[in-house]
Structure formats: structure tokens, C-alpha cells
Amino acid sequence: MRGSCTDAGRCRAKGAIVALALVSLAPPVSAEGVGLYLWELGKQSVSGADRLADETVAVVLEVRDPQEVASRIGSAATLDVIAIDLSSITVRSRSTDSIRGGPGAATSASSFIIDYEEPAISDLLAGWQRTSAAPLTPEELRAFVYGHVAEKTYLRGYDVASRVAETGSGDCTEHAFLLAALARAEGYPARVVLGILLHAAGDEVQAFGHAWTEIHDGTDWQRHDATLPAESMPGEWLRYLPLMPVVNEGISYQMGLFEIATLWPSAVRVVPGAGGP
Amino acid sequence: MIRTGVLKLWMAGAALAGCTSGTAMAQADVDPSWPDWLRDAMLEEYDGIAYEPLSLGPVKTVMPGEIQERQEIGSGQFYARSNDGSGADFECWFYAEPIDMGVSIANVADAVIESTSDQHGPVGFRSVQHVDAGAIDGSPFLALEWLYTVGEAPNALATLTKVRAAESDGVHVICAHSLPGYRKSFAEGFAELVRQLDTDALTADPYYQEVYVFSINELNTGFARITMTLDEEGDTRVDTTDAMLVPVSATEVATSDSTSVSWSTPDGYLINALVSSAENGELSMNLALRPDENGVWAVDGSFSGKPISAELGDEAEPLSPLGEMLATRSLLNASDVTSMELTSWVPDADPTVFTNMTLVHDTDSPGAIAMTMGPLKVEGEFDANGSMRRGILDAGTTAIVIERVFAAGKIP
């Protein structure tokens, strides 16, 4: 890029006399919230939210094009569309991590954004202290990505996997792309899914836009979220609503992500106990 | 012609949407949760201010208050400091060279905060208070404010670092002021400095120029400046510069800077183009597009951190930004046609192909044209030059508006 004040040291204030006022301020605000999510879509109080873990949950998604959204999520086996009206779609979510379906060839290939053939990815795997010739397990890879992406930040845009391997920086999309690349490199079909994450603590349920990775185990797709320190979080309830996989993994992937965003819910509402059996 | 930045703008909007409840979105002057003394301090302003002339290298302008220091700090780089009567310095850095305004304003803010920390102890609470973008008499500007504390409780200190950056006549200026309050005073002092900036015309006179402001969910986050100048052969050089500040959380501001130079035939066909982008000061795209001796278009460079080299064929006749304006103008003036297809190079979308864009004129509403490029759709209002006055990007849950805030000259 052009000559610029890219080094903060070059721009350093010279002789600044900074006048300050004595203060005792409110506690600092956390930037992290409860996780590295794309969008906060709503917050609601639900009596006995902790019990949601045991239920099939109905979720109302307010969207601009309910029919189109319904057709897109039709293949997500953990969701059933149970109602559609002019401005919303209601889905029923089951508490399962397994998603039926076989992998297509594309979910094993190296692509522009899930670029496991790049040296940055193979270098990561080469540095692994393996105890056997067997592929690393998805859980080993997931935990590795959580640790490798040490700088949890929203500053990155939508970095490709090899870039994430180099920077060790990013939010949910960077975690998901890198985990998918490592999984494919180890021989597992893998894909990145965009969807909604419901998070309950106490009587409060929050909904976020989120990205995670699905890795095929030979029978089903299994969900893996590398933004979390562990697959399950004690004392917290999480429910994933997969809406649309990232299909466009080519150089024009940003156009694909934009298309998904135009269909994205503007609000999410949980209806406990309304999901039926 | 602003379409090249639209996709990047949406990507920024998607990031911004990740912090919907943070103070990063706040544009209020005073937060009711603050202690009384801070709320009062944040409302302090000058009660009238005098200006002193400043002559420094090629830079001639004014600064508020009495100038305390002026010096050359590097080749084509200058520094000046004045006492504006507020109790804090009004500091400015001048660059008689192109800089990336987005990352530079963020870095100046960081440097000022670091300097404060050096004097008074470690930074504790730190929050984005304000971002803004606009134009001062045709000069695009960015603004960034951080509220933060330094030192340890119970003796912690708080201040507000305000930074503004603008470009005029080839000179970039970044000014900073650290004190709670004086937000309007600082903005007015900076605006007067920019209005009075006289650089003996370091840049060629464009025959047409315009400045756009981008807003995401009603937050002004960036600008684009487009200039068109004629060369000796009658071709047009189109320069586009854009810069964005996107508060992605309460404590993080992402920056984005892009420049492009393209050459156009008088009738609007692309001759060649160079484009370069940086995210947070890190090069993200650096591409050159040109036809070879056989007329086969080829692109070379890097994209998303990867080297790319591709041929785009010899069949397309891509339009330049000038060509897009000419085509739009012809559509607005046509009596028998209400839509047309354009072919352009839109590297943000896909640098390895030419992209088709459809324009549809709503004849019931003069100047109204809907532009569609793949999943992107912009509802625009255009003037008689074929230049967009205002556009709304249909981006689902994120409201993205592109507003022209300055235009001068005429398209031939």
C-alpha cells in the first residue's frame, strides 16, 4: 500500500500535554460478550431457560423471504420447518449434534477459502507431535484450532484458512474455516455452516449469528465449534440452528456470503415447549 | 461507479453488526450512566476562538489558538501544535504525500493514547466513543474518538482523545486533542484548518470529482473520493480513494483503505486498472489488470493474501468508471430503453472475471435506477451526469446507504 502512518510509532504524539480529570469510572465494558459471534439477533427472558436443554424447541425467525429461507434450510436435518407466514418462519430444533447426509466431493477438496494445500496449513499439521499414524480426531483438531487462534477478535474480515493459520487471529468464521481446512487435510469431509446459536444462562436466552464446522464421520455430519474451549460448556445451554452451509468456496466467496446475509433473520424468538415431541 | 466499494462496505457492515449492543454504536454526546463530573466535562466547549496563520513547508493554513511548535519531522511530513485555550494541545501532522487515512487515523489515536499512558500509567477502560465521515468543502474527512482511563484506581484519570483526518489538494492532515469535551470545538477548529489549507496545488485539477459517505445502520463509517483528470492524449485517469473506520466491538475499530487508478478512453472503455486495498493496515488486495498485445485481458497480483494470475479473455469490452457514468446517463436520457447490461471489472467480487451489472430505470421516478450485480442490488438516485446522488444497498438486516456529499465539474 502507499506510504502511510502504518507504524503507530511514526505517528507518535510529540510533546503532548494531555489534560486529564480525576475520575472513578464505571467498570470496564467487556468486548467479548459470551463468544465470538457474527450477529446478536435478540435477547429474551424465558422462565426456566435452563430446562430448554431437555426440550425440542420451537424458534421463530423473522425473515424477509420466508419461502426462500425455508427452501434453503430444507436440507438441515436438525431443523423441521413447522410454520411459515408472510414475515417469519418457525422451525423446530432437536437437541442433536448429528446431521444426516453424505458428503459431496466438494467437501473434501482444497478450495480458495478452505485451502488446506497451502503450506501454512500443512506446516501446522507437520508440527503436531503424533502418537500414531492415524488421522488426528476431529476433537483434537477442534481443540487445536481454539488454542491456535489465540487472538479472539472481530477485526478480521473473512480470512481464508491459510491466513488464519498464519495470523492466529479471528472470530467464528476464521475458527470455522481453519478447522474445516485441517479436517480436510486429515482426510475428513468438512464444511462451514452459518446459522443461529441460542445461548441460555439463567432465565435469559440470547440469539447470535454464528459460524461453525461440520465434519463427516463416515455416517453423519457432526458439529464442531472451535470458538469454545470445550465442546460442552458446564452451566450453559447452547442450541445450534444450522441455516445455510457455505457453498461458494471460490475466489468470489464474499458474494456467496453476501447472498446468505440478504436472507438472514432480523430477529429470533424462542418458544419453549412449543416444539412438540 | 461507486459499485466497486459496495461489497467491501457490506463486509464491514457484517462485522459491525457483531457489536449491536456495544458503545461502539453509540453516537450520543453524553452517556447518562457516567458520573456527573464527566457528563459536565463532556459538554465543555470553546467560547469563541481565534486562529493563527501557519506556514510550514508547502502547507499554509490556520490553527486555533496560539501556535506553540512547528517542525518538519520527515521528508514531506510536518508537525504543529497550538494552545487552543482548552488546557490541552491541538496537535496536527501534515503529509505532503498520499497516506491511508483509515489506518493512519487509528494509529495516531493509538499513539496519543500510548503517550498519555506513558505519562500517567496503564490504560484501563477504553471505549470507542464516536466515528464519523463526511466532507469539508469537498475534502473528505474521518473522525474517531476514544474515551479511556489511565493509571490505577482510585487515582485513575479519564480523557477523551479526538482525532480527525482529511485530505485536501494532495495534502493529508491528521489532528488530535485529548480532553473530555470540546468535541464540537475541535471539529470546528479542524474544519477551519482544512478550509484554509492552501498547498499551491500539489495535484492536477480534475475536470470532475465527487465524494461519497458510507453509512452502516446510520453510522457514518467511511468515504470514497473519485477524481477524473484528462491526459495529453485525451484519455481520462480515474482515481478512487476510500477509507473506512468500523467499530466492530466496544474496544476495536477495524480500518479499511483502498486506492484504484484506472485509465479510460474518451468514450468510457477501460484501458487498464490498478487497485490496492489494506485491511487494518495489512495488504489484502494488490492487482493490475491490462490487456496484452493480442487484446487478451490479464490480471496479476495478490488477493486475500494469495498470489493470483489469470486471463479474462479477449471478448469483453469492460467499461471504466467513466464509462459506467456515461452509460447511466444515456439510459436516463433514453426514451425507448429502460434497462441495460454493463460489463465491468469488480475485483472485490471476483478479480478473475468481468462482472455483469444490470441497470433498470424506473421511468416513473426520474433519476431512479436499480443496479443489480449478482446478489447485490442498489436502489439509486442519479443526476444528469449519470452520477449517483444516493444509493441504498439491499443487504438484509444491515442498512447500508451511500450518499454523495460533494460533486464538482461536469462529465463531457
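Which chain is which? The protein sequence lines are A and B, in order. Under this note's numbering, residues 1 to 277 are what the first sequence spells out, in order. Under this note's numbering, residues 1 to 412 are what the second sequence spells out, in order. Glycine included, C-beta positions come from ideal geometry on N, C-alpha and C.
{"Asked": "Excluding the 5 residues preceding and the 5 following S304 of chain B in the sequence, name in chain order all residues of the same chain whose CB lies nearer than 7 Å to its CB.", "Found": "S284"}
{"Asked": "Rounded to the nearest angstrom, what separates L20 of chain A and G170 of chain B at their Cα positions?", "Found": "Residue confidence for L20 of chain A is low, a pLDDT of 36 falling below 50, so the modelled location carries little weight and cannot support an answer."}
{"Asked": "How many angstroms separate the CA atom of G313 of chain B from the CA atom of K306 of chain B?", "Found": "22 Å"}
{"Asked": "Which partner residues does T455 of chain B have in the DSSP bridge list?", "Found": "The question about residue 455 of chain B has no answer here: the residues shown for chain B are numbered 1 through 412."}
{"Asked": "Identify every run of the alpha helix (DSSP H) within the region 145-189 of chain B, keeping only runs that are complete inside it and at least 4 residues long; order them along the chain.", "Found": "none"}
{"Asked": "Excluding the five sequence neighbours on either side, which residues of its own chain have a C-beta within less than 6 Å of the C-beta of A408 of chain B, listed in chain order?", "Found": "Q209"}
{"Asked": "Applying a beta-carbon distance threshold of less than 7 Å, which residues of chain A neighbour V248 of chain B?", "Found": "Y154 and L155"}
{"Asked": "Does A134 of chain A come out as helix, strand or coil in the three-state DSSP assignment?", "Found": "coil"}
{"Asked": "Determine which residues of the region 245-266 of chain A have a Cβ less than 7 Å from any Cβ of chain B, and write them out in chain order.", "Found": "I251, S252, Q254, M255, F258, E259, A261, T262, L263, W264 and S266"}
{"Asked": "Helix, strand or coil for V414 of chain B per DSSP?", "Found": "Since the first residue shown for chain B is 1 and the last is 412, residue 414 of chain B is missing from the structure and cannot be characterised."}
{"Asked": "Quick one: is N280 of chain B buried, meaning 16 or more other Cβ sit within 10 Å of its Cβ, or exposed?", "Found": "buried"}
{"Asked": "Is the CB-CB distance between G242 of chain B and A224 of chain B below 7 Å?", "Found": "The sequence shown places Asp at residue 242 of chain B, not Gly. For D242 of chain B and A224 of chain B, yes; Cβs fall inside 7 Å."}
{"Asked": "Report the three-state DSSP secondary structure of D84 of chain B (helix, strand or coil).", "Found": "coil"}
{"Asked": "Might you give, ordered along the chain, the residues of its own chain that have their beta carbon closer than 8 Å to the beta carbon of Y146 of chain A, omitting 5 neighbours on each side?", "Found": "H175, A226, T227, L228 and P229"}
{"Asked": "Classify R130 of chain A: buried if its beta carbon has 16 or more other beta carbons within 10 angstroms, exposed otherwise.", "Found": "exposed"}
{"Asked": "Under the assumption that T392 of chain B contacts V401 of chain B (Cβ atoms under 8 Å), give the Cβ distance between them as a whole number of angstroms.", "Found": "Here the sequence assigns Ile to residue 392 of chain B, which means Thr is not the residue at that position. Yes, they are in contact, since the Cβ atoms of I392 of chain B and V401 of chain B sit about 6 Å apart, within 8 Å."}
{"Asked": "Beta carbons nearer than 8 Å to chain A: which residues of the region 374-388 of chain B have them?", "Found": "G374, P375 and L376"}
{"Asked": "Which residue marks the beginning of the alpha helix (DSSP H) containing E44 of chain B, and which one marks its end?", "Found": "No alpha helix (DSSP H) contains E44 of chain B, which DSSP labels as neither H nor E."}
{"Asked": "Could you compute how far the alpha carbon of P351 of chain B sits from the alpha carbon of D159 of chain A?", "Found": "17 Å"}
{"Asked": "Could you give the DSSP three-state label for W291 of chain A: helix, strand or coil?", "Found": "With chain A running from 1 to 277 in the structure shown, residue 291 of chain A is simply not present."}
{"Asked": "At 4 residues or longer, and completely inside the region 133-211 of chain A: list those alpha helix (DSSP H) runs for me, N to C.", "Found": "138-148, 161-167 and 172-185"}
{"Asked": "How is the beta strand (DSSP E) around N286 of chain B delimited, first residue to last?", "Found": "E282 to P291"}
{"Asked": "If we define contact as Cβ-Cβ less than 7 Å, is S313 of chain B a contact residue for chain A?", "Found": "Here the sequence assigns Gly to residue 313 of chain B, which means Ser is not the residue at that position. Closer than 7 Å: no."}
{"Asked": "In three-state terms, what does DSSP make of G222 of chain B?", "Found": "strand"}
{"Asked": "Judging by CA-CA distance, which residue of A:V59, A:W212, A:A200 and A:E166 is the nearest neighbour of C172 of chain A?", "Found": "A:W212"}
{"Asked": "Give me the chain A residues within the contact set of F223 of chain B, using Cβ-Cβ distance strictly less than 8 Å, ordered along the chain.", "Found": "Residues of chain A passing the Cβ test: none, with the nearest at roughly 16 Å."}
{"Asked": "Excluding the 5 residues preceding and the 5 following D198 of chain B in the sequence, name in chain order all residues of the same chain whose CB lies nearer than 6 Å to its CB.", "Found": "K60"}
{"Asked": "Give me the chain A residues within the contact set of A349 of chain B, using Cβ-Cβ distance strictly less than 8 Å, ordered along the chain.", "Found": "S252, Q254 and M255"}
{"Asked": "Does any residue of chain A have a CB that is nearer than 7 Å to the CB of S258 of chain B?", "Found": "no"}
{"Asked": "For chain B, is any of its Cβ atoms less than 7 Å away from the one on V160 of chain A?", "Found": "yes"}
{"Asked": "Do you know whose CA, among B:E324, B:S276 and B:E293, lies nearest P266 of chain B's CA?", "Found": "B:E324"}
{"Asked": "Over the uninterrupted alpha helix (DSSP H) stretch that includes E232 of chain B, give me the two end residues.", "Found": "Where E232 of chain B is concerned, there is no enclosing alpha helix (DSSP H), given that its DSSP letter is neither H nor E."}
{"Asked": "Return yes when the Cβ of P375 of chain B is within less than 7 Å of the Cβ of W345 of chain B, no when it is not.", "Found": "no"}
{"Asked": "Roughly how many angstroms lie between the CA atoms of P27 of chain A and Y154 of chain A, to the nearest whole one?", "Found": "Note that P27 of chain A scores 29 on pLDDT, short of 50, meaning its location in the model is unreliable; the coordinates nonetheless yield the value given after this. In a straight line, the C-alpha of P27 of chain A is about 22 Å away from that of Y154 of chain A."}
{"Asked": "Under a CB-based cut-off of 7 Å, is R72 of chain A close to chain B?", "Found": "no"}
{"Asked": "With a cut-off of 7 Å, does the C-beta of N280 of chain B fall near any C-beta of chain A?", "Found": "yes"}
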